[in-house]
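Just below is one structure, and these are the notes that go with it.
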């Protein structure tokens, strides 16, 4: 019953008029920057930091947190409408979400994403409130060896992501891993595959790669086939999901929330795996997996819920351990320190109003996001009616400004164009970019953790199997791979499809 | 278009010229990565060096590419389809123009002044807009000016991103 | 054609008025490059100080985060910019004192090739360890490390980071440069593995580790400053704990390209000084565990001397560090 007392304290803080207003402003700004490709929560939160100087710490953090999860919501809008994933977590949403948009079901996709995210956000809030402290121990069980195995498992998911040939999916994963090694070596400071270009010294930026191979390449593909892009503006379906859509989405939302919530707790950005894992699971559980990649609503509902659940449970390591699991959370640490609250294991006891107020505000924020986003769906869908001859230059300028603002580096824009060409080439060669992006995201962490684990174990690979959690994750990885590869299973399925 | 058929293809039925090109593409990329990471030490198991993983990934990429190329000889599949050179030239060229002019550029004897968003924005929109088959020049020019103004208001003023506006005219 | 002529005329007119206004620097916003991602210790200090400096100067100081290569990419961009006083940078111990010995191909010279403005603040460095490490104090820890260097795992936040720089100095002083160094991407993940006991010890800024020490999830052996910190009054200084040679502070300071107009330098120094004397700004900095700079360190010459002093201190250990 302690939880209820805590939550009522939290809601007492979050439901003051001022904090509701701040939460609303945060969510609104977050949605806006989430929709704009490239301009992420990191840039926005850091720009808004000085503005929050005048506020009390709780209000400031409520607003900044609103920007963070508002951006998650907004990011899926761009992924669905124009096939541009703003962050690693919305890569999966492009697969089926954009297909739905092309079929005139953009409204349904956006609505499902918003409702699924709202549900996941509510559940995640309760999880944080009730189980935050004990769940922290989970994070501490994960050392470098466990993370490495988790990443390997994640890569095996990517194989299942592929719509076509498995061999080609493998090619893309390895290519993603290869790209992830570009940049200065963390341990020795040696430049790897950077060709002496300073802009590459920190590696290829995720948004540069994602916007190139998804956004720019999609523009090129559409320019080549005028009839294909007209489909988008030709049909405008219903604006919100109907009962059938909701019925189809319930189970994926529940599963996505669970998976995303658990992975979000892990420090080291386990949350990025959530949507991928959820997509894999839905595709494996579906009666007809061939629908995936062609506008299956489960492929939006599950991953979107996982994404939002993970985005919220990612606050657990920050609030209870004082350790930020990803770059945005690191910025939240900065925001807290600037307001004189240094995150650590004692925040919960020392600043209960802040701790529980923030948690309660997450629920308030999710409700607001639903209120902000559902009416916007109609507007977004109308945007699709803009003639493509004007739409793509607009997409390009948003992307270019967004990319530039990530590092204030004009060269990044040029690289994005280069990756656009590369992505177009991949389309021409029948490769799919989604597994490559997952390989890219996981590659950096994987190498880092592999090297850490081997230094700590003094070069012994046994460490990966003698630690129980690590061994368990590797077993799951092998199982997932086996399911994907066993040709007999694949064949049987194909027969089912053709009937 | 052929693209839709690729997406629908399932399982291990592999295709031809497209796969052959894909396999060779992988091999070329892998070879490039391998050559450029040649000087990086691979290290030991106990202390992996910076070169270990790039080289390992490159070798695997090449092997997968070879498998793909071989498979393409045995199975029927998609053919390579044509390119949209116009899209590449105008759309990507527009982005490059933006990159070159936004804060200026200097490469040997070539010097581009920093024009800022006030010029780079309309330039990008107008140039890339030429890629569309159904372009209307007048509409495009009006759109370029209007859209750039909206972007300036949104990014420079509403979000206050540190992006140059017009250093040559306004000093910011 | 018409447009370009108009542009030329406008540019010429502006150049003229620009020259006329040169006496009253600053006439337009100033860019302060922070060579790290937003939200890190340097970024926070830059934003706090810049916020007040903008008020004094009457022009906005715009923070531009240009991350890369341990901060050297951003500093290189700042100190090679036009020396007009409108591009400055907030660097730290790593980018100004340690970088020449860390990065062989460094594209700037912090000692002779830039105009220092002043120090914004210092941050004490702590030696911390996992809470169940046997050694109970610094002396026992030093003895154990010296006896069995191969048994220990040191965590750091990547080559060129403050924790790497300061820990390499520690290992140099202890004469054990070969301790297994486990590299992490940033302080957060490194601290996580220290709390969970995967690694044995690390050195880092007080702001990053103080709360963990207070909550007893890790233990602190010593603080590498001349005085104890009010934030952690129980932690002895290295002098008290028996390792007086290990004295290092991570500081952040402002510099610009060499050849800036004297007027600009003077105004920036004055604005920085006013910011550091402002009660609100002071409180924010002190809350972060920052040590406010002395009057001497707030001057260009004093800051330059500090850079030189720490460079001399760090160079032998950093050059000898195994970078493969």
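Residue numbers (this note's numbering), protein chains in the order written: chain A, 1 to 499; chain B, 500 to 671; chain C, 672 to 995. Cβ atoms here follow ideal geometry from the backbone N, Cα and C, with glycine treated the same way.
Item                                                                                                                           : Value
Check whether residue 655 of chain B and residue 664 of chain B have beta carbons under 8 Å apart                              : yes
Limits of the alpha helix (DSSP H) - the one that residue 103 of chain A falls within                                          : Taken as a continuous stretch (DSSP letters only), residue 103 of chain A belongs to no alpha helix (DSSP H), as it is neither H nor E.
For residue 300 of chain A, the residue or residues it bridges with in DSSP                                                    : Paired residues: none, contrary to the question.
Inter-residue Cα distance where the pair is residue 356 of chain A and residue 342 of chain A                                  : 16 Å
Proximity below 8 Å, CB of residue 560 of chain B to CB of residue 399 of chain A                                              : no
Span separating the alpha-carbon of residue 122 of chain A from that of residue 132 of chain A                                 : 14 Å
8 Å Cβ cutoff met for residue 276 of chain A and residue 157 of chain A                                                        : yes
Alpha helix (DSSP H) segments (min. 4 residues) lying fully within the stretch 727-760 of chain C                              : 743-750
Sequence-distant residues of the same chain with beta carbon closer than 7 Å to residue 992 of chain C, five excluded per side : 839 and 848
Counterpart residues of residue 890 of chain C in DSSP-defined beta bridges                                                    : C:800
Cβ distance (whole Å) where residue 396 of chain A is taken to contact residue 219 of chain A below 8 Å                        : 7 Å
C-beta contact flag for residue 801 of chain C and residue 841 of chain C at 8 Å                                               : no
Beta-carbon separation (whole angstroms), residue 148 of chain A vs residue 722 of chain C, contact threshold 8 Å              : 42 Å between Cβ atoms; not a contact.
Exposure of residue 692 of chain C, with buried meaning 16 or more beta-carbon neighbours within 10 Å                          : Per-residue confidence for residue 692 of chain C stands at a pLDDT of 46, beneath the threshold of 50, marking its modelled position as unreliable; the derived number appears in the next sentence. Per the 10 Å Cβ criterion, exposed.
For residue 955 of chain C, the three-state DSSP class (helix, strand or coil)                                                 : helix
Expected contact under 8 Å - CB spacing of residue 182 of chain A and residue 166 of chain A to nearest Å                      : No, residue 182 of chain A and residue 166 of chain A are not in contact; Cβ-Cβ is about 26 Å, not under 8 Å.
Within-8 Å CB hit, residue 693 of chain C to chain B                                                                           : Bear in mind that the predicted position of residue 693 of chain C carries a pLDDT of just 47, short of 50, making it too unreliable to give a figure here.
Range covered by the alpha helix (DSSP H) that runs through residue 433 of chain A                                             : 433-456
Expected contact under 8 Å - CB spacing of residue 787 of chain C and residue 891 of chain C to nearest Å                      : Incorrect: roughly 32 Å between the Cβ atoms, too far for contact.
Beta-carbon proximity of residue 347 of chain A to residue 374 of chain A, cut-off 8 Å                                         : no
Under the three-state DSSP convention, the category residue 791 of chain C falls into                                          : strand
Inter-residue CB distance, residue 885 of chain C and residue 334 of chain A (contact presumed, cutoff 8 Å)                    : Rounded, the Cβ-Cβ distance is 19 Å, inconsistent with contact.
Chain C contact residues for residue 331 of chain A, given Cβ-Cβ distances below 7 Å                                           : 709 and 710
Any chain B beta carbon closer than 8 Å to residue 735 of chain C                                                              : yes
Entirely enclosed alpha helix (DSSP H) segments - the stretch 341-392 of chain A, minimum 4 residues                           : 347-350 and 352-383
Beta bridge counterpart(s) of residue 926 of chain C as assigned by DSSP                                                       : C:760 and C:787
Residue environment, residue 510 of chain A, which counts as buried when at least 16 other CB atoms sit within 10 Å            : An answer regarding residue 510 of chain A cannot be provided, because it is not within the stretch 1 to 499 covered by chain A.
Three CB pairs or more closer than 8 Å across the stretch 693-703 of chain C and the stretch 729-748 of chain C                : yes
Continuous beta strand (DSSP E) stretch holding residue 604 of chain B: start and end                                          : 604-606
Minimum length 4: unbroken alpha helix (DSSP H) runs contained in the stretch 960-988 of chain C                               : none
Cross-chain neighbours of residue 184 of chain A in chain C, by beta carbon under 7 Å                                          : 740
Residue-level contact to chain A via CB, residue 524 of chain B, 8 Å cutoff                                                    : yes
Selection from A:248, A:278 and A:314 that minimises the alpha carbon distance to residue 256 of chain A                       : A:278
CB contact below 8 Å: residue 496 of chain A versus chain B                                                                    : Note that residue 496 of chain A scores a pLDDT of 38, beneath 50, so its modelled location is shaky; the value from the coordinates is reported in the next line. No, residue 496 of chain A does not count as interfacial toward chain B.
Residue 407 of chain A: contacting residues in chain F (beta-carbon distance under 8 Å)                                        : Although the question refers to chain F, the structure presented lacks it and instead comprises the protein chains A, B and C.
Closer than 8 Å at the beta carbon, the chain A residues around residue 714 of chain C                                         : 46 and 334
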